[in-house]
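Colleague:
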């Protein structure tokens with residue numbers, strides 16, 4: 026048995042992936058403290074998050090320095106052996122700026138695919154964060170981009186975090202479509218909202234559950250007022266409830282405009298659901314697998330509606346999803362194997378600094 030470590034996780038306390046990671050580490054005997062820019066159960070709050078726009082320039086970054094100072098003092102008190110920050114733009118940025126080493130950062134799709142083009146400031150932040158970290162973890166689809174940032178190959182870990190196959194598994198299927206990406210522009214919930222009425226006209230028994238929170242949630246709710254009991258927006262769901270819904274869903278939809286490795290796709294396949302996904306680079310890898318994946322042009326609500334009708338009505342697709350999806354994920358993208366890889370990385374970094 027490996028020795029326990031004192032680990033500081035710097036990430037959003039409201040992220041289901043953060044909660045899952047912290048619980049896994051604690052369950053494996055590590056002492057873990059969560060530091061978050063947003064308030065949440067079990068987290069030490071070091072926010073609020075300063076805006077990263079022209080106000081940063083007008084104030085010469087004073088708010089960012091104050092926030093960094095708060096986190097640094099908290100880390101000094103906790104005295105971690107390793108720090109792990111998630112998202113290069115915010116939590117990962119502060120994890121690196123706080124100055125504790127070794128520090129690991131995990132890059133997400135928006136960090137690499139969107140932020141560098143949004144502004145000079147965000148581009149500078151994500152590049153500096155990645156270059157100053159001791160290790161950068163990213164899914165394979167992002168590693169190619171990170172290499173162009175001149176990050177030493179030895180500091181890159183290509184990894185898909187994977188799925189808990191004991192939790193996400195097929196249940197008794199219903200005429201249910203699940204959306205769990207959240208209500209932000211990049212996930213394009215408005216496209217789904219435009220498609221839903223047509224799907225209900227074609228398949229009146231179909232039900233939609235749109236889980237998660239975000240700034241577009243109220244707008245989506247207004248767009249779907251006439252859908253009645255066919256649609257529900259339950260907010261952010263605990264992981265066990267989400268897994269239960271995935272197991273019952275005939276189809277899972279991800280209409281994202283940009284992404285890296287959507288865990289939703291892996292969870293859907295592990296749960297035996299037909300995946301309906303936007304035709305972006307991140308989703309092409311699923312289309313070449315044995316599990317059924319229906320791609321549609323990003324933002325095209327009519328094409329999305331047609332794909333969802335197929336997923337709900339074609340028994341052959343549903344049977345293929347049940348037969349091919351779960352064993353495919355179990356063989357290639359298990360959560361416990363990826364988690365053990367990161368745990369081993371923590372030990373390696375701590376040993377090298379001993």
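Numbering (the working numbering), first residue to last: 26 to 379. We treat Cβ as the ideally placed atom computed from N, Cα and C, and that holds for glycine.
If contacts are defined as beta-carbon pairs under 8 Å, then residue 56 and residue 29 qualify, I think. What distance do you get, rounded to the angstrom?
Modeller: That belief holds up - the Cβ atoms of residue 56 and residue 29 are roughly 6 Å apart, short of 8 Å.
Colleague: Would the beta-carbon of residue 359 fall within 8 Å of that of residue 196?
Modeller: No, the Cβ-Cβ distance between residue 359 and residue 196 is not below 8 Å.
Colleague: Quick one: using the 10 Å Cβ neighbour count with 16 as the cut-off for buried, is residue 214 buried or exposed?
Modeller: Classification of residue 214: buried, given that the 10 Å Cβ count is 16 or more.
Colleague: Assuming residue 180 is part of the alpha helix (DSSP H), what are its boundary residues?
Modeller: Taken as a continuous stretch (DSSP letters only), residue 180 belongs to no alpha helix (DSSP H), as it is neither H nor E.
Colleague: How about residue 157: is its C-beta nearer than 8 Å to some C-beta of chain B?
Modeller: Absent here is chain B; the protein component of the structure consists of one chain.
Colleague: Nearest to residue 224 by alpha carbon, out of 256, 282 and 287?
Modeller: Nearest of 256, 282 and 287 to residue 224, Cα basis: 256.
Colleague: Does the Cβ-Cβ distance between residue 350 and residue 297 come in under 8 Å?
Modeller: Closer than 8 Å, so yes.
Colleague: With 16 as the cutoff for other CB atoms within 10 Å, does residue 295 come out buried or exposed?
Modeller: Burial call: buried.
Colleague: Based on the DSSP secondary-structure assignment, which residues constitute the bridge partners of residue 44?
Modeller: Looking at the DSSP assignment, residue 44 forms no beta bridge with any residue, so it has no partner.
Colleague: Excluding the five sequence neighbours on either side, which residues of its own chain have a C-beta within less than 7 Å of the C-beta of residue 118, listed in chain order?
Modeller: Taken in chain order, the residues that qualify are 150 and 154.
Colleague: How do the segment 244-263 and the segment 276-289 stand: do at least 3 beta-carbon pairs fall below 8 Å, yes or no?
Modeller: Judged by Cβ distances under 8 Å, the segment 244-263 makes no contact with the segment 276-289, as fewer than three pairs qualify.
Colleague: Output needed for residue 270: all residues of its chain with C-beta closer than 7 Å, excluding positions within five of it in sequence on either side, in chain order.
Modeller: Taken in chain order, the residues that qualify are 203 and 234.
Colleague: Mapping the DSSP letters down to three states, classify residue 88 as helix, strand or coil.
Modeller: Note: residue 88 maps to helix in three-state DSSP.
Colleague: Given that a residue counts as buried once 16 or more other Cβ atoms are within 10 Å of its Cβ, and exposed if not, what is residue 87?
Modeller: Under this definition residue 87 is an exposed residue.
Colleague: Kindly provide the ranges of any alpha helix (DSSP H) runs that are 4 or more residues long and lie completely inside the segment 110-149, ordered along the chain.
Modeller: Complete alpha helix (DSSP H) runs here, min 4: 116-122 and 140-143.
Colleague: Grab the span of the alpha helix (DSSP H) containing residue 339 for me, first residue to last.
Modeller: Careful: residue 339 lies outside any alpha helix (DSSP H) and carries neither H nor E.
Colleague: Where DSSP assigns a beta bridge to residue 33, which residues make up the other side?
Modeller: DSSP lists 58 and 108 as partners of residue 33.
Colleague: Within 10 angstroms of the Cβ of residue 198, are there 16 or more other Cβ atoms? Answer buried if so, exposed if not.
Modeller: With 16 or more other Cβ atoms within 10 Å, it is buried.
Colleague: Thinking C-alpha only, which one of 70, 107 and 112 is nearest residue 99?
Modeller: It is 70.
Colleague: In chain order, what are the residue ranges of uninterrupted alpha helix (DSSP H) at least 4 long that sit wholly in the segment 249-300?
Modeller: 264-273 and 288-295, all fully within the segment 249-300.
Colleague: If we count the other Cβ atoms within 10 Å of its Cβ and call it buried at 16 or more, is residue 292 buried or exposed?
Modeller: With 16 or more other Cβ atoms within 10 Å, it is buried.
Colleague: So which of 368, 309 and 33 has the shortest CA-CA distance to residue 102?
Modeller: Of 368, 309 and 33, the residue nearest in Cα terms is 33.
Colleague: Report, in whole angstroms, the separation of the C-beta atoms of residue 370 and residue 133, which I expect to be a contact under 8 Å.
Modeller: So it is not a contact: roughly 18 Å between Cβ atoms.
Colleague: Which partner residues of residue 199 appear in the DSSP bridge assignment?
Modeller: According to DSSP, residue 199 bridges with 274.
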